[in-house]
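Report on the following structure.
There are 2 protein chains.
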Amino acid sequence: MQLRMTNQREMILRELKKSKGHLTADELYERVKKYMPRISLATVYRNLEILSDVKMIRKLEISGRQKRFDSELEDHDHIYCVECQRIDNLDIGQKHVELPVGDTHGYTITGRRLEVTGLCPKCQEKIKKTSTKKSRGVAKMGCGSKKCTLNDKQKEVLEAMNKCDGPSASKDIAAAVGKEAKQISCQITALKKKGYIDSPVRCKYEITSEGKTALKA
Amino acid sequence: MQLRMTNQREMILRELKKSKGHLTADELYERVKKYMPRISLATVYRNLEILSDVKMIRKLEISGRQKRFDSELEDHDHIYCVECQRIDNLDIGQKHVELPVGDTHGYTITGRRLEVTGLCPKCQEKIKKTSTKKSRGVAKMGCGSKKCTLNDKQKEVLEAMNKCDGPSASKDIAAAVGKEAKQISCQITALKKKGYIDSPVRCKYEITSEGKTALKA
DNA sequence: CAGTAAATAATAATCTTTCGCAAGTCAAGA
DNA sequence: TCTTGACTTGCGAAAGATTATTATTTACTG
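Residue numbers (our numbering), protein chains in the order written: chain A, -13 to 203; chain B, -13 to 203.
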């Protein structure tokens, strides 16, 4: 087998280099398509695979559903944002990580990879703006059933429901707010407990008059 | 929102604990199915998601196509075998990794994860036996298309195909061999290149006469 | 410059994960 | 006890990501 430098392959390599790394196959596909509208996604995948086999690029197997590829071959680690999935390089060298010696379960070590997770500057900003507090701790104790303060998310949901005229399904509300349905349904539950919304039909919700007055306040 | 401990959920949790971690959703599904034949794969996925949301289990976002889940919550890292994908725990504590301070690109760090790759003891053995040289360096110089040595996996696949009378799909072969379809299809491709099997119909494969003679040898 | 192996486009297939929905289950209230 | 609403489940189907197939084109070799 021998490699050929086809136009497609060259373009893929060029775009990956240009972007300074960390693209997924289909991001790359979109970029390359601007220059070669007829290129196929499979070609991008195939070439990324081949190029990383021959070590002209590197496959990053970091978290997330899609594989990402990096044009930089030198050893470096990554930091990535838990909010927006942005990925940046990290330049701590091998020297900062002491590999274990005794407790490797008999493995022969061939490499290591350090992933640091965090919040990127932009997402820190975003959260500062929206901040009251994070509503992530979902389960186990009731969500403060009597406290009638609305948090930002709840207010947002309630506003969306106010605009709807009839009873609407939680997924429609989620769509209107532009958030994940899972998160919304939790808010819906909370709002219902507070009496701001009502469920005239199973799985359909409607804002109550209390809800409307609460919104004005 | 409040969680209920249903039988299914309990069973999933129990099996995950029993296995000492690192199972994929469908491995877990297979195990749970022994006790609850009617459980659905979606239920397994749903519960793994929920349980990790409430931090009763941990989602490992390590490399590989499938997500894996861990019943151990304590912070620990992993070592995994590049050959057989087996995963073991690694007990170097946080203390051995110095996090970078100055060059975090403005990120607020929330966590870190170290993955060590290597060869597990079993695979070291295997390679010692099969050793002529690794056939991984695919490109640039010919891949010796004429070298007709079969590795163990290929032999196994070929034998399974020999037992089938008609053309069979790769997933059927995988089932016969009792391995992951993904790994098998790779072997099938290799066998096809060597001329030991043939694909008379799209996605169906059949052993050739060359394949049969190679098996006897 | 022709012959050939490698690469491509297009599409189908595959694998993994998630979603939608109807039906089931359970706890709390009427 | 009966009802209700929230939480779950099973099932089937959809979605998302990647890979395989196959006829055709293309880059390199001789």
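Think of the CB as a built atom: it goes at the ideal place given N, C-alpha and C, for glycine as much as any other residue.
Could you please give the first and the last residue of the uninterrupted beta strand (DSSP E) stretch that includes residue i?
i	result
R98 of chain A	T94 to L105
K45 of chain A	R44 to L46
L(-11) of chain B	It is not in any beta strand (DSSP E) - L(-11) of chain B carries neither H nor E in the DSSP assignment.
L76 of chain A	I73 to L76
R51 of chain B	Taken as a continuous stretch (DSSP letters only), R51 of chain B belongs to no beta strand (DSSP E), as it is neither H nor E.
H64 of chain B	D63 to C67
Taking residue i as part of the alpha helix (DSSP H), name the residues at either end of that continuous run.
i	result
K6 of chain A	From DSSP, K6 of chain A is part of no alpha helix (DSSP H); its letter is neither H nor E.
R204 of chain A	What the structure shows of chain A is the stretch from -13 to 203, and residue 204 of chain A is not part of that stretch, so it cannot be assessed.
Please name the residue, chosen from the options, that lies closest to residue i on a Cα-to-Cα basis.
i	options	result
R54 of chain B	B:L34, B:M42 and B:I65	B:L34
E60 of chain B	B:R99, B:K108, B:C67 and B:K20	B:R99
T8 of chain B	B:R(-5), B:Q(-12), B:K41 and B:D74	Contrary to the premise, residue 8 of chain B reads as His rather than Thr in this sequence. Comparing Cα positions, the closest option is B:D74.
Q52 of chain A	A:I43, A:K4, A:Y93 and A:D12	A:D12
T103 of chain B	B:D63, B:N(-7), B:T90 and B:V30	B:D63
K6 of chain B	B:R72, B:M(-9) and B:R32	B:R72
P107 of chain A	B:C109, B:P107, B:G92 and B:E111	B:G92
Q(-6) of chain B	B:K3, B:K19, B:D56 and B:K4	B:K19
D56 of chain A	A:R(-10), A:E1 and A:T(-8)	A:E1
R24 of chain A	A:C109, A:T10, A:G97 and A:M(-3)	A:M(-3)
V40 of chain B	B:L(-11), B:G50, B:Y21 and B:I95	B:L(-11)
T29 of chain B	B:L46, B:Y15, B:Q110 and B:M42	B:Y15
I95 of chain B	A:I65, A:T(-8) and A:K3	A:I65
Can you list, in chain order, the residues of its chain whose CB lies under 8 Å from that of residue i, leaving out five sequence neighbours each side?
i	result
L105 of chain A	C67, V68, E69 and I113
I43 of chain B	L(-1), L2, L34, L37, F55, D56, S57 and L59
L76 of chain A	H62, D63, H64, I65, L100 and V102
M127 of chain A	Its pLDDT being 27, under 50, M127 of chain A is placed unreliably by the model, and nothing is read from it.
Identify, in the order they occur along the chain, each residue of the same chain with its Cβ nearer than 7 Å to the Cβ of residue i, setting aside the five sequence neighbours on each side.
i	result
S26 of chain B	none
Y21 of chain A	M(-3)
K45 of chain A	S38, K53 and F55
T90 of chain B	none
I4 of chain B	With the sequence shown as reference, residue 4 of chain B is identified as Lys, and Ile is not the correct amino acid for it. Closer than 7 Å at Cβ, skipping near neighbours: no residue.
T(-8) of chain A	none
G97 of chain A	none
Please determine whether the Cβ atom of residue i lies at a distance below 7 Å from any heavy atom of the ligand HEM.
i	result
P107 of chain B	Inclusion of the ligand HEM in the displayed structure is not the case, the ligand content being empty and no account of it being possible.
Sorted by chain position, which residues of the same chain lie with C-beta nearer than 6 Å to residue i's C-beta, five sequence neighbours on each side aside?
i	result
R17 of chain B	E1
Y31 of chain A	A11
E111 of chain B	none
S121 of chain B	Low confidence applies here, because S121 of chain B scores a pLDDT of 32, under 50, leaving its location unreliable; read the following figure in that light. Hits under 6 Å: none found.
K168 of chain A	Note that K168 of chain A scores 46 on pLDDT, short of 50, meaning its location in the model is unreliable and no value can be drawn from it.
V124 of chain A	Residue placement at V124 of chain A is flagged as unreliable, the pLDDT there being 31, under the threshold of 50; a coordinate-derived value is accordingly withheld.
K119 of chain B	Because the pLDDT of K119 of chain B is 32, which lies under 50, any placement of that residue in the model is unreliable, and the question is left without a value.
Can you pull out the residues from the region 12 to 24 of chain A whose beta carbon lies closer than 8 Å to at least one beta carbon of chain B? none
Residues within the region 23 to 39 of chain A neighbouring chain B, beta-carbon criterion of under 9 Å: I36 and D39
Can you list, in chain order, the residues of the region 58 to 73 of chain A whose Cβ is nearer than 8 Å to any Cβ on chain B? I65, C67 and V68
For the region 99 to 116 of chain A, which residues have a beta carbon sitting closer than 8 Å to at least one beta carbon of chain B? R99, L100, E101, V102, T103, G104, L105, C106, P107 and Q110
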